[in-house]
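**Student:** Below is a structure I'd like to ask you about.
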Amino acid sequence: MTAKYFALLTHIGAAKLANATALGTRLEITHMAVGDGGGTLPTPSPAQTQLVNEQRRAALNALTIDPSNPHQIIVEQIIPETEGGWWIREIGLLNKAGELIAIANCPESYKPQMQEGSGRIQTIRVILAVSSTAAVILKTDPAVVLATRQYADQLISTTVTSISNHIRTLNPHPQYLLASHNLFDLSDTKAARTNLQLGSAATRNVGNAQDELMQVGAFGWGGPCIIASAGINALTKTGMALVRDLTANQWVTVADYRHQTVYDIETKHESIIFVLAPFHTIKH
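Position in the sequence shown (first residue = 1) + 2 = this note's numbering.
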């Protein structure tokens, strides 16, 4: 039995699709037009370049691949309740240039106007077989307020699945460090130390072996630096001292039996002085 209602590519559409497939480009269908067929149900012809009697033309709401057949595309348009007053018997799909790419007929349906006392939102859906769906640009218009129930249900399902997977994933954001890992998950610790301007001490252990860091307070050290402004002989505290009146490689006399650190800021000369008895003379 011959199908009464069907959709097909026009000669223009078939040529453009073949060209897009050959060149590796894609055919863009942007608009849908509906008409009343001039009062009777028309039979689509591939030679057509326009509808018999067009009533409305608008941008598509969606163009997707048929989930049940990868060689078919589904084209949708939603007509709001504010438009109508005519019959729908023919449907055309057009590109940006307004060329008729595909033509279809459909069971006749009257689209009422609100002024007539009845209005409805009507979805027009065309399923079109093409040789290569990869050569057709798929789209969903984000500016369209209305959506089909199927589209909304699918979007909700996808969103719920995505959120659920996100929650179940141990680390859904690998670009961030986990607080619970305490910086253990740093991929480049050397670069991190450099960026933080940490010196070599950051990689050394605290202890009393060679190349280890001395513990704060060990051997009486670790307090604030003593400024020996009155000279080294005036020092009375054990600790780290800074003096300004020394000359490198000169003998000095220390009047207390404590160990001191002497640093000459002029010569950058530094010594640790260990004093064993009062007035013991040593060289720094």
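From the three backbone atoms N, C-alpha and C, an ideal C-beta is built for every residue, glycine too.
Note that the coordinates shown come from a computational prediction; the quantities given were computed from them, not determined experimentally.
1) Compute the Euclidean distance between the alpha carbons of ILE93 and GLY41, then round it to the nearest angstrom.
2) Which of the three DSSP states is assigned to ILE31 in this structure?
3) Return the chain-ordered list of same chain residues with a C-beta closer than 8 Å to the C-beta of ILE287, the five sequence neighbours on each side being excluded.
4) Please state whether DSSP places GLN124 in a helix, a strand or coil.
5) On the criterion of 16 or more Cβ atoms from any shown chain inside 10 Å, does MET300 qualify as buried, or is it exposed?
6) State buried or exposed for LYS98, treating a residue as buried only when at least 16 other CB atoms are found within 10 Å of its CB.
7) Report yes or no: do three or more beta-carbon pairs, one from the region 112 to 122 and one from the region 161 to 181, lie closer than 8 Å?
8) Would you report the Cα separation of THR12 and ASP155, rounded to the nearest angstrom?
9) Tell me, which residues are paired with TYR112 by DSSP?
10) Helix, strand or coil: how does DSSP classify ILE105 here?
11) Does the beta-carbon distance from ASN80 to THR125 come in below 8 Å?
12) Quick one, are the C-beta atoms of THR23 and SER133 less than 8 Å apart?
13) Could you pull out every residue in the same chain whose Cβ sits closer than 7 Å to the Cβ of LEU10, ignoring the five residues on either side in sequence?
14) What span of residues does the alpha helix (DSSP H) with VAL77 cover, start to end?
15) For ASP247, count neighbouring C-beta atoms within 10 Å of its own C-beta (all shown protein chains included) and say buried if the count is 16 or more, exposed if not.
16) Could you give the C-beta distance for PRO82 and ILE123, rounded to a whole number, given that I count them as a contact under 8 Å?
17) Confirm, please, whether the CB-CB distance from THR32 to LEU62 is below 8 Å.
18) GLN57 to LYS18, Cα distance in whole Å?
19) Is the beta carbon of LEU198 less than 8 Å from the beta carbon of ASP187?
20) Helix, strand or coil: how does DSSP classify ILE129 here?
21) Work out the CA separation of LEU96 and CYS108 for me, nearest whole Å.
22) Helix, strand or coil for TYR259 per DSSP?
23) To the nearest angstrom, how far is it from the Cα of LEU29 to the Cα of GLU78?
**Tutor:** Result, derived from the coordinates:
1) 14 Å
2) strand
3) This structure gives no information on residue 287, because the portion of the chain shown stretches from 3 to 286.
4) Reduced to three states, the DSSP call for GLN124 is strand.
5) In the structure as shown, the chain starts at 3 and stops at 286, and residue 300 therefore has no counterpart that could be examined.
6) exposed
7) With a cut-off of 8 Å, the region 161 to 181 and the region 112 to 122 do not count as touching, because too few Cβ pairs lie within range.
8) 33 Å
9) TRP89
10) Here ILE105 sits in strand by DSSP.
11) In the sequence as presented, Asn is not what sits at residue 80; that position holds Ile. Their beta carbons are under 8 Å apart, which means ILE80 touches THR125 by this criterion.
12) THR23 is a Cβ neighbour of SER133, given a cutoff of 8 Å.
13) PRO46, PRO48, ALA104, ILE105
14) That residue, VAL77, is in no alpha helix (DSSP H); its beta strand (DSSP E) goes 74 to 81.
15) With a pLDDT of 47 at ASP247, under the threshold of 50, the predicted position of this residue should be treated as unreliable, and no value is reported.
16) Rounded, the Cβ-Cβ distance is 6 Å, consistent with contact.
17) yes
18) 26 Å
19) no
20) Secondary structure of ILE129 (DSSP, three-state): strand.
21) 17 Å
22) With a pLDDT of 43 at TYR259, under the threshold of 50, the modelled position of that residue is not reliable, and the figure given next carries that caveat. The answer is coil: DSSP assigns TYR259 none of H, G, I, E or B.
23) 17 Å
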